[in-house]
Amino acid sequence: MIKKILLLILFLGSLTFQAQNIVWKTTMEAAITASNEENKPMLIFFTSSSAPTNLQNEVFKTPDFAVWSRDNVILVKLDLSDINASDADKEQNVKLKNAFGVQDLPEVCFANASIRKSKTTFQALGKIGYKPGGAKAWISESDAILHPSE
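Using mature numbering (1 follows the signal peptide of the UniProt record, and there is no 0), the letters of the sequence shown correspond one by one to residues -19 to -1, 1 to 131.
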């Protein structure tokens, strides 16, 4: 009985630990490099300090999202209100927000990118905002964007 309880605690603890170990890239250069090396699309999270936190709290901070994101995407967080970002990064992030047609924050865009002759080309796959229903519903909708033929 004690072994079963210890195994349960260990299992639940590892899930919580995974949820807290999500690593977000904050520059597009690093994200594009990782995306191409790992052959995974980018999940670009556009946000700001004044944006609602429902998406982060109900989806991004869950064990389900941690496992799913590790296996399916490269996480990129572009905080449009980040005072520590360089002027060039701020300008780039606003241009990307406009190029992807992001209207309301927070919003997630899925994309692939390639760099040829110092020029970056993005292939938008789709976008999604906050939807009530929790992580599993959000992940299901995201999978439909990333794998439309399945």
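By construction, the Cβ of each residue, glycine as well, lies at the ideal position given by its N, Cα and C atoms.
Using the rule of at least 16 other Cβ atoms within 10 Å of the residue's Cβ for burial, across every protein chain shown, is Phe27 buried or exposed? Against the sequence shown, residue 27 aligns to sequence position 46. Label assigned to Phe27: buried.
Between the Cα of Ile96 and the Cα atoms of Ser29, Val83, Glu10 and Leu77, which residue gives the shortest distance? For this step, residue 96 is matched to residue 115 along the sequence shown. Nearest C-alpha to Ile96: Glu10.
Distance CB(Lys58)-CB(Lys108) smaller than 9 Å: Within the sequence shown, residue 58 is the residue found at index 77, counting from 1. Within the sequence shown, residue 108 is the residue found at index 127, counting from 1. Not in contact: Lys58 and Lys108 (Cβ atoms no closer than 9 Å).
From which residue to which residue does the beta strand (DSSP E) around Thr102 run? Position 121 of the sequence shown, counted from the start, is the residue given in the question as residue 102. Here the beta strand (DSSP E) through Thr102 covers Lys100 to Ile109.
At least three beta-carbon pairs within less than 8 Å, the stretch 46 to 63 to the stretch 18 to 38: yes
Taking just the CA atoms, how far does Ala118 sit from Phe41? The residue you call residue 41 lines up with position 60 of the sequence shown. The residue you call residue 118 lines up with position 137 of the sequence shown. Spanning the two alpha carbons is a distance of roughly 12 Å.
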